[in-house]
Structure formats: C-alpha cells, structure tokens
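Residue numbers (my numbering), protein chains in the order written: chain A, 98 to 257; chain G, 98 to 257.
There are 2 protein chains.
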Amino acid sequence: MYSGGMAPSPHGRPRRTAFLLSQLGSLSASRFAERTRELGLTPSDAGTLRWIGRNPGLSQRVLADRLGAVPSRVVPLLDSLETRGLVERVRSSTDRRNYELHLTGAGQALLGRLRDVAQEHEGELLAPLTPEESDELARLLARLAEGHGVDVEAHRDTGR
Amino acid sequence: MYSGGMAPSPHGRPRRTAFLLSQLGSLSASRFAERTRELGLTPSDAGTLRWIGRNPGLSQRVLADRLGAVPSRVVPLLDSLETRGLVERVRSSTDRRNYELHLTGAGQALLGRLRDVAQEHEGELLAPLTPEESDELARLLARLAEGHGVDVEAHRDTGR
DNA sequence: TAAAATGATTCATCTATTGAATCATTCTGT
DNA sequence: ACAGAATGATTCAATAGATGAATCATTTTA
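Pasting the structure below:
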C-alpha cells in the first residue's frame, strides 16, 4: 500500500517537480556564474554590486543580512571590490562605527553591464519556451516564492 | 537606449524569472536536505542510494559519472554508506578491477522511506499552487529541462 | 560615567572538493 | 605470450569556502 506523501501524477508516475526545480535552479545559477565571470565577477560580487547600487549608503551589517551572509564574510568580499575600484567604504558621519557603502563610477558602469548580462541570461534560459509560457512560468514561480516567503528582491547567493 | 538582452515584461519591469528559478531551486534543495538529514542522510547519500537502487550492480566509475562527481569523491561516500550497512561493494567476477554496487536490505528499506520523504517534500513545496497550477509548472519545467539537455533522471547534487 | 551593545575585523578552524600519484587488473598490438 | 597502454579504485596533499569566537573602536543604555 502507498504510505503518505503527495498523490502521484495522473499518469501513475510520481512527480518530481521539486527535483526538477533544484536542477534547473542549479543550472540557472551556474550559467549566470559563467556570465558574471566574463565580467570578472563572482556571483557574490554581482549580488553585492546590485544591493549597493539599489541601496547606496547601506552598512556592511545590513548588506550581510540582505545577502544572507555572516558579517565576517562580507569583509573580504568588499575588500576585493574596493581594491578593484568598484566600491567605496566611507565612514558614516553620524555613527563612526559603520561604513556607508557606495559604488564608484566604474562600479556603476559595471552594474549596468551586469544588468544587460542578466537579461541575456534570462533570454537564454527561457529560450525553450514561448513568450506565453515564459509569462506563465514567471507567474507560477512568483506565486511559489510568495507562498514560501522568498524575498523576490533578495539576491541571496544560490551556490553554483 | 536599451542595449541587448531580452525585452522586459509587458509591465515595463525587467523579468527576473532566472533569479527566481535559482532561488526556488536553492530553497527546494535545502528543504530536501533537511528532510534527508532526518533520515541520517546527506543529499549526496540520498542521490547515491537512488542510483544504486535503480541500477543495481553499477560500478563506482559509472556512479561518479551519473552523480556528476569525480571518482575519488565517491570513495568516502560509499565508505560511509557501507559502514552504515546500507550498501555493499562486491568485486565483479568478470572484471576484478571494479566493484558492483548493491543495496542491502536496510538500504532498500531506507530508500523506501526516502521516496516517501521526497513525495512529502514535493507536496510541501507545491502547496501554494492549485493542482492544475502544479501540473502546468511540471509541464513547463520539463520543457525547460528538455530544452537545456538536463537529464531528468540524473540526481546530480544541487548543493545546499 | 560604567556597562552593555553594536559594527567591523581578524583569525583559527572546518568541511567539501579536487587533482595527482599509486596500485591492481585488464586490454591492445605485435 | 608479452610489453606497454588503459582502466577502476584508492590515497593523499592542496585548495577553496564558509563559519564562529575573540578583538577593537564606537555608541547607547542605565
């Protein structure tokens, strides 16, 4: 007898949508990593640039929260970006414990290219679907994300 | 002017379906990892049990290919499973270089529980969707997987 | 003003993974 | 049949990545 779990699909075979989602998510992440590598960025670099670009002046503590990382993790991350002249750490004048993070001009330029690359990546990934199917997929995934409390804006690192 | 990449959605905002897919894939993988941990298994353990269960007698070399791992990686993996009495390595009589991998009785029993757990996981993940939406999502993801040459049967490890 | 809390940093540790080198066995070509 | 190449499994050292505890400066609380 069949014990517990979800009902199998109408065709009798158990569904493996969760597995497919993992696989495709992993595929999407690694393809994106290839793209960012061509810009000299790791996915973490890319997520960091995006967050700072969208929220100039945020602190490392807040950035760590947003990235789902531990504060000690963002230190070498920002060190690297700062060395490359993409990010600036400026001491907050109101609370000299924390930094206010900003993109340099080069950082903003690179973020622009990063956005283009992200759109290309999206196009490539969804190429097997018709535009209508892509829309439907976007809708379903958004619903899933909402249902599970996934922050759609959070560029949490998804591994490689 | 807008340079390159995919057209934004009809609503003007750029689509971020690829990101959502990464995030949800990561969510699915880590939730599944929680479930398998309750069975005392890592996701790699689980994938290994599944492969051996489906293809009894396969060699470590082939298993490594299927898992997308390097041969030296599967050695400690199998050591662990063998120590726990879930898997057996028996020397092939036709080619004494390689082992034929089999599940023990305990391994088969655990694989059964693993399948139940996977179905529960699936149900939990798709809970925010109606059955019709789940079907549609399964269809779209399968199409995507096919379009990108993702082996639907390959339990390639998707990180944590 | 003393003590607790906070942001950033350092550092030692841990885990996972990888590639090269090794060993036994089998295959290939002569 | 034999020498050498190839193959499966294993060991081991090196690498990379992330993590948590301890530290320092600064700010907040009482």
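Glycine residues also receive a C-beta, built at the ideal position from the N, C-alpha and C atoms.
Take residue i as the anchor and find which of the options has the nearest alpha-carbon.
{"i": "glycine 182(A)", "options": "Leu207(A), Thr201(A) and Ala242(A)", "result": "Thr201(A)"}
{"i": "glycine 144(G)", "options": "Glu221(G), Ser231(G) and Val171(G)", "result": "Val171(G)"}
{"i": "leucine 198(G)", "options": "Arg210(G), Val214(G), Leu226(G) and Asp176(G)", "result": "Asp176(G)"}
{"i": "glycine 209(A)", "options": "Leu146(A), Leu238(A) and Asp192(A)", "result": "Leu146(A)"}
{"i": "arginine 113(G)", "options": "Gly244(A), Gly246(A) and Asp232(A)", "result": "Asp232(A)"}
{"i": "leucine 136(A)", "options": "Leu118(A), Ala239(A), Asp213(A) and Arg194(A)", "result": "Asp213(A)"}
{"i": "alanine 203(A)", "options": "Pro111(A), Leu178(A) and Glu131(A)", "result": "Leu178(A)"}
{"i": "alanine 206(A)", "options": "Val187(A), Gly150(A), Glu243(A) and Glu230(A)", "result": "Gly150(A)"}
{"i": "glutamate 243(G)", "options": "Leu222(A), Leu241(A) and Val167(A)", "result": "Leu222(A)"}
{"i": "alanine 130(A)", "options": "Leu211(A), Ser169(A) and Leu238(A)", "result": "Leu211(A)"}
{"i": "leucine 226(G)", "options": "Glu230(A), Leu241(A) and His245(A)", "result": "Leu241(A)"}
{"i": "histidine 218(A)", "options": "Pro111(A), Arg134(A) and Phe116(A)", "result": "Arg134(A)"}
{"i": "arginine 163(G)", "options": "Pro173(G), Ser169(G), Trp148(G) and Leu174(G)", "result": "Trp148(G)"}
{"i": "alanine 215(G)", "options": "Leu117(G), Ala115(G), Glu185(G) and Arg132(G)", "result": "Arg132(G)"}
{"i": "glutamate 230(G)", "options": "Asn195(A), Asp248(A), Leu238(A) and Asp192(A)", "result": "Leu238(A)"}
{"i": "glutamate 185(G)", "options": "Leu118(G), Tyr196(G) and Asp192(G)", "result": "Tyr196(G)"}
Is residue i close to chain G, meaning its C-beta is less than 7 Å from at least one C-beta of that chain?
{"i": "threonine 114(A)", "result": "yes"}
{"i": "serine 125(A)", "result": "yes"}
{"i": "glycine 122(A)", "result": "yes"}
{"i": "alanine 143(A)", "result": "no"}
{"i": "leucine 146(A)", "result": "no"}
{"i": "threonine 255(A)", "result": "For threonine 255(A), the pLDDT reaches just 45, beneath the cut-off of 50, and the residue's location in the model is therefore unreliable, although a value from the coordinates is still provided. Yes, threonine 255(A) counts as interfacial toward chain G."}
{"i": "valine 247(A)", "result": "yes"}
{"i": "leucine 118(A)", "result": "yes"}
Is there a Cβ from chain A that is less than 7 Å from the Cβ of residue i?
{"i": "glycine 244(G)", "result": "yes"}
{"i": "leucine 136(G)", "result": "no"}
{"i": "arginine 240(G)", "result": "yes"}
{"i": "glycine 102(G)", "result": "With a pLDDT of 42 at glycine 102(G), under the threshold of 50, the predicted position of this residue should be treated as unreliable, though the coordinate-derived value follows. Yes, contact with chain A."}
{"i": "alanine 235(G)", "result": "yes"}
{"i": "serine 189(G)", "result": "no"}
{"i": "methionine 98(G)", "result": "For methionine 98(G), the pLDDT reaches just 41, beneath the cut-off of 50, and the residue's location in the model is therefore unreliable, although a value from the coordinates is still provided. By this cut-off, methionine 98(G) is not an interface position."}
Please classify residue i: does DSSP put it in a helix, a strand, or coil?
{"i": "arginine 186(A)", "result": "strand"}
{"i": "leucine 200(A)", "result": "strand"}
{"i": "proline 225(G)", "result": "coil"}
{"i": "histidine 218(A)", "result": "helix"}
{"i": "serine 156(G)", "result": "coil"}
{"i": "glycine 165(A)", "result": "coil"}
{"i": "valine 247(G)", "result": "coil"}
{"i": "arginine 193(G)", "result": "coil"}
{"i": "leucine 178(G)", "result": "helix"}
{"i": "leucine 138(G)", "result": "coil"}
{"i": "proline 173(G)", "result": "helix"}
{"i": "arginine 113(A)", "result": "coil"}
{"i": "glycine 256(A)", "result": "Because the pLDDT at glycine 256(A) is just 39, under 50, the model does not fix this residue reliably, and the value given afterwards should be weighed accordingly. Three-state DSSP puts glycine 256(A) in coil, outside helix and strand."}
| query | Can at least three beta-carbon pairs, one atom from the segment 147-159 of chain A and one from the segment 131-141 of chain G, be found at a separation below 8 Å? | reply | no
| task | Can you give me, in chain order, the residues of the segment 216-231 of chain A that have a beta carbon less than 8 Å from any beta carbon in chain G? | result | Gln216, Glu217, His218, Glu219, Gly220, Leu222, Leu223, Ala224, Pro225, Leu226, Glu230 and Ser231
| field | Contacting positions in the segment 148-180 of chain A - beta carbon closer than 8 Å to chain G | value | none
| query | At a cut of 8 Å, does the segment 124-134 of chain G reach the segment 118-138 of chain A through at least three beta carbon pairs? | reply | yes
| What residues in the segment 197-213 of chain A bring their beta carbon closer than 7 Å to a beta carbon of chain G? | Asp213
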